[in-house]
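Comments concern the structure below.
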Amino acid sequence: ARGDYLVNGIVACGNCHTPRNADTTFITDMDLAGAFQVERSEFTAYAPNITQDRETGIGAWSDDEIILAIREGVRRDGTIIGPPMPISAYRDISDTDVRAIVAYLRTVAPIQNSLPRSVYNIPLPESYGPSVGRVPDVSRDDSVAYGAYLGITLGHCMECHTPRSKEALDMSRTGAGGTVFQKPHGMQLTAVAANITPHPEQGLGGWTDDEMKRVITQAISRDGRQLLPAMPFYYYKNISEEDLDALIAYLQSIPPQSAD
């Protein structure tokens, strides 16, 4: 149940791993079968099939091999998984939660769907860091710390909402936004990640808790605008009230940043 909540909620695996129709709605009978394509000058990446199909998915992988791929970006053949998979965030997923995610993935119906291998025009790292050891649970008693775990690790919000310098996240400007998405999910438009710091004019400083909850779960801004992909609103509507409260507590705790 915990894995179901995470995969179909704040972790939002299907936002990349479930293919879409021409109108960008999800092809529900292809859940987690892969095919989302990201094209940039640095790479052409395909989200792989993570159903239980033994030939084209992860059905033949062991639990530990799946966990290694999620948290350390290493496939069962030893090759490195490149961007946009947010390995740097997923390294901090707790042992309890990553095993819950794997337990849920084991229940996903096998779908045969063979995909191209991602192609990179940039060197990939030999690793994303030392081997991940034991990762304990984050206590819900500290709402800001648990909210940071939701926002930075599970929801990997800062992967999009924090500016980059030479492809690395500039954590001195956490949440300042500005990342540009060309044709997100195949749509003929450009989307820009918003400033989600408490900046009073450029960020969320003047927003109420309810306004922040609405924009996260319904993609409706405080001025009534419908927000654009690539935010996984289809999944975020499933985030619990308790987790939304913790996430907002964290967002209100980070330093305000201007867009400059």
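Heads up, the sequence shown is in the numbering used here, so the first residue is 40 and it goes up one at a time. We treat Cβ as the ideally placed atom computed from N, Cα and C, and that holds for glycine. Given the structure is predicted, the values throughout are model-derived calculations rather than measurements.
Our two residues, N54 and P271, have alpha carbons roughly 6 Å apart in a direct line. With contacts defined as CB atoms closer than 9 Å, R41 and A139 qualify as a contacting pair.
Nearest Cα to I109 within the set D249, V46, T95: V46. For I259, the secondary structure class from DSSP, reduced to helix, strand or coil, is strand. Here V231 is exposed. Its C-beta has fewer than 16 other C-beta atoms within 10 Å. Contact between Y275 and I255 holds: their C-beta atoms lie close to 5 Å from each other, under 8 Å. Here Q296 is not near R179, since their CB atoms are 9 Å or more apart. By the CB criterion at 9 Å, S157 and A84 fall inside the cutoff. Between I287 and G186, the alpha-carbon positions lie close to 7 Å from each other.
Exposure of G168 is indicated by the presence of fewer than 16 other C-beta atoms within 10 angstroms of its C-beta. Between the alpha carbons of G121 and T229 lies a distance of about 23 Å. Nearest to F82 by alpha-carbon distance, out of D103, I97, L163, is L163.
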